[in-house]
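Everything in the sequence shown is counted per my numbering, starting at 181 for the first residue and increasing by one.
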Amino acid sequence: MVEAMQDAAVVVTGAGGGIGAALARRFAAAGARVVVNDLDGAKAEAVAGEIGGIAVPGDASAIVAEARDALGGTVDVYCANAGVGSAGTEAAPEQVWELAWDVNVMAHVRAAGQLLPAWLERGSGRFVSTVSAAGLLTMIGAAPYSVTKHGAYAFAEWLSLTYRHRGLKVHAICPQGVRTDMLTGSGSAGDLVLRPTAIEPEAVADALFAGIEEDRFLILPHPEVAGYYRARAADPDHWLTNMNHIQQKWETDGR
Numbered sequence: 181m182v183e184a185m186q187d188a189a190v191v192v193t194g195a196g197g198g199i200g201a202a203l204a205r206r207f208a209a210a211g212a213r214v215v216v217n218d219l220d221g222a223k224a225e226a227v228a229g230e231i232g233g234i235a236v237p238g239d240a241s242a243i244v245a246e247a248r249d250a251l252g253g254t255v256d257v258y259c260a261n262a263g264v265g266s267a268g269t270e271a272a273p274e275q276v277w278e279l280a281w282d283v284n285v286m287a288h289v290r291a292a293g294q295l296l297p298a299w300l301e302r303g304s305g306r307f308v309s310t311v312s313a314a315g316l317l318t319m320i321g322a323a324p325y326s327v328t329k330h331g332a333y334a335f336a337e338w339l340s341l342t343y344r345h346r347g348l349k350v351h352a353i354c355p356q357g358v359r360t361d362m363l364t365g366s367g368s369a370g371d372l373v374l375r376p377t378a379i380e381p382e383a384v385a386d387a388l389f390a391g392i393e394e395d396r397f398l399i400l401p402h403p404e405v406a407g408y409y410r411a412r413a414a415d416p417d418h419w420l421t422n423m424n425h426i427q428q429k430w431e432t433d434g435r
């Protein structure tokens, strides 16, 4: 699989740090030509300089054409990694919900819309969606994040079932806690649920490459998530009761 990435044209959004930077480094180490995207131009430039990549700063929803041009007219792998960890309940301001929907879901939809015509015509392409275990399960204290990550997972799933016979490879990465700025910003809810089993961003990149090697859609850097997902499907009420106990603990301990 490493050989398959030699000279591959790869785009990673939200790659100025965290999971995105780890993905960019791993693809570059495998011999890929990597576009590093981030809203923060200085961070994008720093990672690109480190790995010999190309920085294309800006909104992840709007950089596909520029990134493709920077890579000589072709994208082989697109990592839709940029995301926002929006906390709040149903009462969160509509602007919070709109931003979460735009970045966590619609940026993926827009990128796919620009990439798929060429990929389907040539019969190959790889779309990597950084989702979250919250997209399979949920996350206390973070309704906008949980709901939109469910949407991101659903879109990746739909892409895979619709186009896999036409050469499209899709991977949905669904980690729990990862030691990034997003985990730091998750506050006491993250401290309770995510931090105890948090992993380094490099472990997420390792899991993705293992999943690519095995041609797996669902990438679980925390393998235990598979058991939680099965339990949720098998007995939703029992699972929701258990999650509500965590919610009550969070409220009691002082969020």
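Note that beta-carbon positions come from the ideal geometry of N, C-alpha and C, so glycine has one too. Since we're looking at a predicted model, the values are computed, not measured.
Leu300 Cβ short of 7 Å to the ligand ATP heavy atom set: This structure simply doesn't include the ligand ATP, nor any ligand for that matter.
Where the alpha helix (DSSP H) through Ser304 begins and ends: In this chain, Ser304 is not harboured by any alpha helix (DSSP H), its DSSP state being neither H nor E.
Under 8 Å between C-beta atoms of Val214 and Gly196: no
With 16 other Cβ atoms within 10 Å as the buried cut-off, status of Asp249: exposed
Straight-line Cα distance separating Tyr325 from Gln275: 13 Å
Sub-8 Å separation of Thr342 and Ala260 beta-carbons: No, they are not a contact pair.
Rounded separation between Arg346 and Ala323 - CA only: If you take the alpha carbons of Arg346 and Ala323, they lie about 35 Å apart.
Separation of Ala414 from Gly365, as counted between CA atoms: 32 Å
Segments assigned alpha helix (DSSP H), at least 4 residues, entirely inside the segment 337–379: Segments of the alpha helix (DSSP H) lying fully in the segment 337–379: 361–364 and 367–373.
Assumed close pair Gly238, Leu219 - CB separation to whole angstroms, cut-off 8 Å: Contact flag correct, Cβ pair sits at about 7 Å.
Among Leu339, Ala314 and Gly194, nearest to Leu296 - alpha-carbon criterion: Leu339
Ala280 versus Val289: straight-line alpha-carbon distance, rounded: 14 Å
Beta bridge counterpart(s) of Tyr440 as assigned by DSSP: Any property of residue 440 remains undetermined from this structure, which presents the chain solely from 181 to 435.
Assumed close pair Asn284, Gly331 - CB separation to whole angstroms, cut-off 8 Å: Indeed they touch by this definition, with Cβ atoms about 7 Å apart.
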